[in-house]
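S.K.: Going by UniProt numbering, the sequence shown opens with residue 1, and the numbers climb by one from there.
Handing you a structure now.
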Amino acid sequence: MKKFRCTVCGYVYEGDAAPEKCPLCKAPASKFVEVEEATADGPLVFADEHVIGVAKGCDDEMIKDLNNHFMGECTEVGMYLAMSRQADREGYPEVAEAF
Numbered sequence: 001m002k003k004f005r006c007t008v009c010g011y012v013y014e015g016d017a018a019p020e021k022c023p024l025c026k027a028p029a030s031k032f033v034e035v036e037e038a039t040a041d042g043p044l045v046f047a048d049e050h051v052i053g054v055a056k057g058c059d060d061e062m063i064k065d066l067n068n069h070f071m072g073e074c075t076e077v078g079m080y081l082a083m084s085r086q087a088d089r090e091g092y093p094e095v096a097e098a099f
């Protein structure tokens with residue numbers, strides 16, 4: 001029996017051929033790729049692969065939203081440090097340690 005993996009959601013299907021559609025994300029059969037079994041002398045296969053250039057041609061609004069989300073995550077560290085210092089100044093050391 002062969003194994004097929006959905007490239008959209010990662011669902012693995014076992015059978016002779018890929019299913020007509022993914023039972024999880026409803027992607028068509030064209031989105032399934034055959035999974036090759038790893039051998040001792042073969043290349044390493046990881047569960048998560050990062051492919052450079054996979055997002056080419058994406059919507060500009062999505063890229064802008066991802067950049068905004070990344071900037072928010074990066075700047076919130078400074079906000080937590082500032083809140084911790086302020087709590088310490090106001091006499092709440094146990095609250096300051098939480099941040």
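Backbone N, C-alpha and C define an ideal beta-carbon position, used for all residues, glycine too.
Could I get the ranges of all uninterrupted beta strand (DSSP E) runs contained in the segment 26-61, with 3 residues as the minimum, in chain order?
M.R.: Whole beta strand (DSSP E) segments, 3+ residues: 32-35.
S.K.: Restricting to Cα atoms, I'd like to know which of 95, 54 and 37 is closest to residue 46.
M.R.: If you number the sequence shown from 1, residue 46 lands on position 46. Nearest option by C-alpha distance: 37.
S.K.: Tell me the rounded alpha-carbon separation between residue 83 and residue 68.
M.R.: Against the sequence shown, residue 83 aligns to sequence position 83. Against the sequence shown, residue 68 aligns to sequence position 68. If you take the alpha carbons of residue 83 and residue 68, they lie about 22 Å apart.
S.K.: Would a C-beta distance cut-off of 7 Å place residue 19 and residue 11 closer than the cut-off?
M.R.: If you number the sequence shown from 1, residue 19 lands on position 19. If you number the sequence shown from 1, residue 11 lands on position 11. No; because the gap between Cβ atoms is not below 7 Å, this pair is not in contact.
S.K.: Quick check on the DSSP output: the alpha helix (DSSP H) that includes residue 94 runs from which residue to which?
M.R.: Position 94 of the sequence shown, counted from the start, is the residue given in the question as residue 94. 93-98 is the span of the alpha helix (DSSP H), which, as asked, contains residue 94.
S.K.: Do you know whose CA, among 96, 70, 93 and 8, lies nearest residue 28's CA?
M.R.: As a working note, residue 28 is residue 28 in the sequence shown. Ranking the options by Cα distance to residue 28, first place goes to 8.
S.K.: What whole-angstrom Cβ distance do residue 34 and residue 2 have, given they're in contact under 8 Å?
M.R.: For the purposes of this step, residue 34 is taken as residue 34 along the sequence shown, with counting starting at 1. For the purposes of this step, residue 2 is taken as residue 2 along the sequence shown, with counting starting at 1. Yes, residue 34 and residue 2 are in contact; Cβ-Cβ is about 6 Å, under 8 Å.
S.K.: Does DSSP put residue 80 in a helix, a strand or coil?
M.R.: Residue 80 sits at position 80 when you count from the first residue of the sequence shown. Residue state, collapsed to three classes: helix.
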